[in-house]
Each structure stands twice: as structure tokens, then as C-alpha cells.
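See structure below.
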Amino acid sequence: MRVTLSARISAWIDQHQRSAYSSYMEMRRRPLAAMMTLLVIGITLALPASLLSLLKISQTLTGDHQQNASISLFLKNGIVDQKALRVAADLEQQPQIDHVELLTSADAMEEFRSHSGFGDALDALDDNPLPNVLLIHLTPDNSSIDIRKLAAELKEESVTDSIEYDQGWIERMQAITQAIRRAVQALGFGLGLAVMLIIGNTIRLEIMNRREEIEVTRLVGGSDDFIRRPFLYIGLIYGLFGALIAWLLVSILLMLVSGPLGRLAELYDTAISLSAFSLHALLLLIPIGISFGLAGAWLAVNRHLSSINPE
Amino acid sequence: MIHFENVSKRFPGGHYGVSNITLNIESGALAFITGHSGAGKSTLLRLIALLERPTRGQLLIDGRNIGRLPEKEIPAHRRKIGLIFQDHRLLNDRSVFDNVALPLHVRGFPVREVGKRVRASLDKVGLLKKEKVLPITLSSGEQQRVGIARAIVSRPPILLADEPTGNLDPELSREIMDLFLAFNQLGITTLIASHDLDLIKKLGRPVINLQQGELT
Ligand SMILES: Nc1ncnc2c1ncn2[C@@H]1O[C@H](COP(=O)(O)OP(=O)(O)OP(=O)(O)O)[C@@H](O)[C@H]1O
Ligand SMILES: [Mg+2]
Chain A
1 MRVTLSARIS
11 AWIDQHQRSA
21 YSSYMEMRRR
31 PLAAMMTLLV
41 IGITLALPAS
51 LLSLLKISQT
61 LTGDHQQNAS
71 ISLFLKNGIV
81 DQKALRVAAD
91 LEQQPQIDHV
101 ELLTSADAME
111 EFRSHSGFGD
121 ALDALDDNPL
131 PNVLLIHLTP
141 DNSSIDIRKL
151 AAELKEESVT
161 DSIEYDQGWI
171 ERMQAITQAI
181 RRAVQALGFG
191 LGLAVMLIIG
201 NTIRLEIMNR
211 REEIEVTRLV
221 GGSDDFIRRP
231 FLYIGLIYGL
241 FGALIAWLLV
251 SILLMLVSGP
261 LGRLAELYDT
271 AISLSAFSLH
281 ALLLLIPIGI
291 SFGLAGAWLA
301 VNRHLSSINP
311 E
Chain B
1001 MIHFENVSKR
1011 FPGGHYGVSN
1021 ITLNIESGAL
1031 AFITGHSGAG
1041 KSTLLRLIAL
1051 LERPTRGQLL
1061 IDGRNIGRLP
1071 EKEIPAHRRK
1081 IGLIFQDHRL
1091 LNDRSVFDNV
1101 ALPLHVRGFP
1111 VREVGKRVRA
1121 SLDKVGLLKK
1131 EKVLPITLSS
1141 GEQQRVGIAR
1151 AIVSRPPILL
1161 ADEPTGNLDP
1171 ELSREIMDLF
1181 LAFNQLGITT
1191 LIASHDLDLI
1201 KKLGRPVINL
1211 QQGELT
């Protein structure tokens, strides 16, 4: 019997369609059980996914803050404006430094006067007590170690009275996010295993329920591949829809926190890039869900199918 | 076509299902297997379908010794055989059509071909109108005919029936046997295990008689 290639391909597609469809119908026969399983898988996947999203947000906040990192260099008394400008120009030559702003004592006084409401009190002073300040804006790609080294160097400059920067806060934040990220990765791995086991167990029950069908299929000459296929499709479908549910859950969570986070982002003068219902997240979650689903189904099928033989 | 050469089947525990069987069944033949309960009729048929493995001797089918056939080649071997059981072994959660279609699905037949063949097969056993119903809603004789339709739908060269008329009244039994005779006319090698000695005598075909696992 000669069969053309295209006929064979279309038969192959037929078979897979039938397997996928019959798996879907099989799930629909027990809709409540299937829904519960899907929900459990969805929540299990959603947990690490939402933690990762929140982590990403906090990184956006601290990350942007570091980009704007700056060092305030208070000049010694008696460094006059001309000298201060020269120092500023020198500093701008350094690669770590983006640009330097000079805030003269007069500028500072003016700003203070207009903002504080202590204008009259200040008029009573003979001398301007405020120092000249160089606001040193750093380039964005500095590591926290770079910043610390630079600050130490600046402190040794002869013109420097004192130095202030918010390095400590940045470092702490980075360390914390790093630790949380590790924890979330470990958690994600564990929950991934859990998803595999949940799907594996569901498939195991399914195999037991369809024992008769498997036996009869063996009697009429069904190969292991043929018998395996619908169960793998069930795993795939659970993984796929579990991922969809996880995506919805994460999106709802992001929607809930977007209000407060938006205000926070304003304070930090940055934009939060993570949005609810993002296609990117969906494209990431779906292959993950499908892989776990297929892996769980594969394990269950290989463990239990060989034990079912026709009488 | 089917050749037993000193074949024995010894079950774990030491009991013999069949012992030292030597037997040749020509291609296109139809033969009955008779004997008391426990004589080894089912064992003989199950050996041919590789539902059991022979423990001794050679079992050649189509010139091939199947005694040592690797596990993964068993499905391909079974696709040469149509099996019919006394208890039908139909799937009661799917329609008659889907039951009969299963052997075609495992062979990867395209959908349109499946429809044609299933209906042709159901037509031969006189159940064309019942394709949509569930097997449990049918009478025992009708269920047996669905089982036969499933066995012949893929046009296998060998047909094995284990007490296909066990639960049927004489008239229905005769109808079922006539079906087998008709398929045999088309060249299908057929083996039927049966208790129904009266009917077998009437049909005048070769009879293989077993007694405690041995040929008599
Ligand atoms: N799986 C098994 N394990 C142990 N002994 C078995 C097994 N299957 C069959 N036997 C034994 O082998 C012998 C032959 O059994 P078999 O089923 O072939 O008989 P039979 O002729 O089909 O009987 P019946 O007419 O009752 O169906 C019997 O003594 C039976 O007890
Ligand atoms: Mg028997």
C-alpha cells in the first residue's frame, strides 16, 4: 500500500487533533474536578510569578535611584566661586562623573529664603553661613563599589569640607533584593515541582479511570505512543490553562497594587514598566506551564501505563 | 499461516495452559477449537495474539517465530489479528461507531476513510442504524456483532473468536456463525473456540479438540 507524504502528514495531524480533542472532552466530563485542578495549578504558578513581578518593580525603583545617584561635596569656607567652578570643571573630566552643578552659598541662601519662610531671620545674619556645594551627578553605570571609592577620593581633596551621599541605602536595598530574588527562585523551583506532581497525580487518576479503554486499545493493536498521546495532551492542556490562570491572577494583583505603586514611582521620579495583562508575561508563563504539564504527564504515563495490560 | 511446533504454556506456579501442541492452520482456513472448561482453548488463542507468551516450542505466524517477539513489536503483531470475546469487551462510554473505529484510529487511518470503513463493517453485521447508540443499550447478540464489526473493520488476515456464542440462544448463535463463515469466504483465517458441539457438527469444518491442554 503506497501512501503519499501529504496523506501521511494529514493523517498524523488528524490523529493529534483527535487526541487533543478527546483529552479536552475527557476533562469536560468532570468539569468541577478539572476546574479545581486548574485553579490549584494557576495559584501555584502565580505565586512565584507575582513575587518576581513585585521584585522587578522594587528593582526599577532602586535601579533608577542609583542612576540618579549623586554626591554632595561641601566646599571649605573661603573657596570662592571662581575656584569652585574650576574644581567642578576638573571633576567633570572623571569618567564616573556625568556633570557637576555648583550651588553657591548665595544660591543656597536664596533657595532657603524662598522656601523656608525664615527670610527675615536670615536678613539678621551678617554673613551667609551656608557653604558652596558641588552637586556631583554620576554616570548611570557605576557600581556601589565605584561610588564608594569615588567618594573616598573626593573626601581627600584639599577643597573638600565634607561629603554626603546615600550610598548606604542603595547598598542595603540591593542586598535585600538580591536575597529576595534568590528566595523567590528557590520557591519557584519548588512550586514548579509541585505543579509537576499535581499534574502527574491528575494523570495517574485519569489513567486508572481509563484502564478499560487502555486495555481494549492494547487488544486492537494500539502502540504505546498511541496510548500515551491523549494523556500527554491532558498534561499539556492543564499546563497551558494553568499558565493562563496564573497570568490572570498576577495581572489582577498588579492592577490592585498599581495605584499605590504609581504614587511611589512619582516620588522616585520614575516610571514602572510592569503592567497588568502584559503579553510579554503571558509569552513567558505559557511555555513554563506547558513544560511542567508535559513533564508531569510524562512521568505519570511512564510509571503507570506499562502496568496496564489486557486480560 | 499459524504453525504450532511442540508449544507449551506453563503458568507461574507450574500449571500448564496447553502442553506440547503441534498444529498447522493453513491460510484461509476456518477451524473450531473444542474441549471442556479448562482444556486450554482460550490459552491457545491468547498465545496467537501474544496475550500470553509460549514457554516452550515454536509458534510461527506468517513464517515468523513470535515466541521471542520484542515487546514493542507486539502492537504491530496484534494489528494482523481481529479478536472477539465472549464478553464483547466493548467500551460502554462511547458509541458503537467509536468502538468500531478504534482499530482504525490506532492504525492512523484518515478520518474520511474511517467513516467509510466503519459503516461498511457495521453494515455487514446488520447494525448500520445503531452507530450512534451506546453498546449497553443493545442486546447481547447485537453487542457481539459490534465486537465482530470491530474485529473485521481493519480487514486483518486472522480472526480469533473465544466463545463468541457463549451467551446466545441457538438461533442467534447460528447467525453469528454464519457471519464468520461469510468472512472466511473472503480469505480470513479464522479460529473459533466454542462449546456448541451441535452447531459445530452441522457446519462440517475442521475441529481441534483439546483435553487438559493437549490435542486429542
Ligand atoms: N493466568 C493464568 N494463570 C494460571 N493458570 C491459568 C491462567 N490462565 C489459565 N490458566 C489455567 O490454564 C488452563 C486452561 O485455561 P483456559 O482458559 O485456556 O481454558 P478454556 O479451555 O478456555 O476453559 P473455558 O471453557 O472455561 O473458557 C486452566 O486449567 C486454567 O486454570
Ligand atoms: Mg476460555
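Note that the protein sequences, when read in sequence, are chains A and B. So for the first sequence, the numbering used here puts the first residue at 1; every next one is plus one. So for the second sequence, the numbering used here puts the first residue at 1001; every next one is plus one. Just so it is clear, CB atoms sit at the ideal spot from N, CA and C, and this is done for glycine as well.
Does the beta carbon of residue i fall short of 8 angstroms from some heavy atom of ligand 2?
| i | result |
| --- | --- |
| D1162/B | yes |
| A1193/B | yes |
Alpha helix (DSSP H) containing residue i: first to last residue?
| i | result |
| --- | --- |
| G1057/B | That residue, G1057/B, is in no alpha helix (DSSP H); its beta strand (DSSP E) goes 1056-1061. |
| V1106/B | 1096-1106 |
| F1180/B | 1170-1185 |
| S291/A | 279-304 |
| A72/A | For the sequence presented, residue 72/A should be read as Ser rather than Ala. Where S72/A is concerned, there is no enclosing alpha helix (DSSP H), although the beta strand (DSSP E) it sits in stretches over 70-75. |
| A1076/B | 1074-1078 |
Run through DSSP, which three-state label would residue i get?
| i | result |
| --- | --- |
| A88/A | helix |
| S162/A | strand |
| L55/A | helix |
| G221/A | coil |
| K1009/B | strand |
| M1/A | Unreliable positioning characterises M1/A in this predicted model, as indicated by a pLDDT of 48, which lies under 50. The coordinate reading is nonetheless provided below. M1/A falls in the coil class under three-state DSSP. |
| E1113/B | helix |
| T60/A | helix |
| L1090/B | coil |
| E1142/B | helix |
| A1029/B | coil |
| I1188/B | coil |
| I308/A | coil |
| S1037/B | coil |
| K1201/B | helix |
| R18/A | helix |
| H115/A | helix |
| I203/A | helix |
| N128/A | coil |
| L244/A | helix |
| E1214/B | strand |
| R1155/B | coil |
| A1217/B | Limits of chain B in this structure are 1001 at one end and 1216 at the other, which puts residue 1217/B out of reach. |
| I79/A | coil |
| L261/A | helix |
| R1064/B | strand |
| D107/A | helix |
| T1137/B | helix |
| N209/A | helix |
| R8/A | helix |
| D1162/B | strand |
| I198/A | helix |
| V1207/B | strand |
Return the Cβ separation of residue i and residue j in integer angstroms, given the expectation that the two are a contact with Cβ distance under 8 angstroms.
| i | j | result |
| --- | --- | --- |
| G997/B | S1008/B | No answer is possible for residue 997/B: it lies beyond the span of chain B, which begins at 1001 and ends at 1216. |
| I1033/B | L1210/B | 7 angstroms |
| K1132/B | S1095/B | 5 angstroms |
| I234/A | I214/A | Contact doesn't hold; Cβ gap of about 14 angstroms is too wide. |
| G1187/B | G1028/B | 5 angstroms |
| E1163/B | A1193/B | 6 angstroms |
| L52/A | L154/A | Not really, about 38 angstroms apart at Cβ, beyond 8 angstroms. |
| L55/A | R181/A | 6 angstroms |
With residue i as the anchor, note down where its beta strand (DSSP E) starts and where it stops.
| i | result |
| --- | --- |
| H99/A | 97-103 |
| N1024/B | 1016-1025 |
| S1042/B | Careful: S1042/B lies outside any beta strand (DSSP E), inside the alpha helix (DSSP H) at 1041-1048. |
| I145/A | Note, I145/A: premise wrong, no beta strand (DSSP E); alpha helix (DSSP H) at 144-156. |
| I1084/B | 1081-1085 |
| H137/A | 133-138 |
Check your understanding: Which residues count as close to ligand 1 when the rule is a CB under 5 angstroms from any of its heavy atoms, in chain order?
Key -> Ordered along the chain, residues surrounding ligand 1 are F1011/B, H1015/B, G1017/B, S1037/B, G1038/B, A1039/B, G1040/B, K1041/B, S1042/B, T1043/B [Cβ under 5 angstroms from any heavy atom].
Practice item. Would you list, in chain order, the members of the region 1099-1124 of chain B that have their beta-carbon closer than 8 angstroms to a beta-carbon of chain E? Key: As a matter of chain content, chain E is missing from the structure shown, whose protein chains are A and B.
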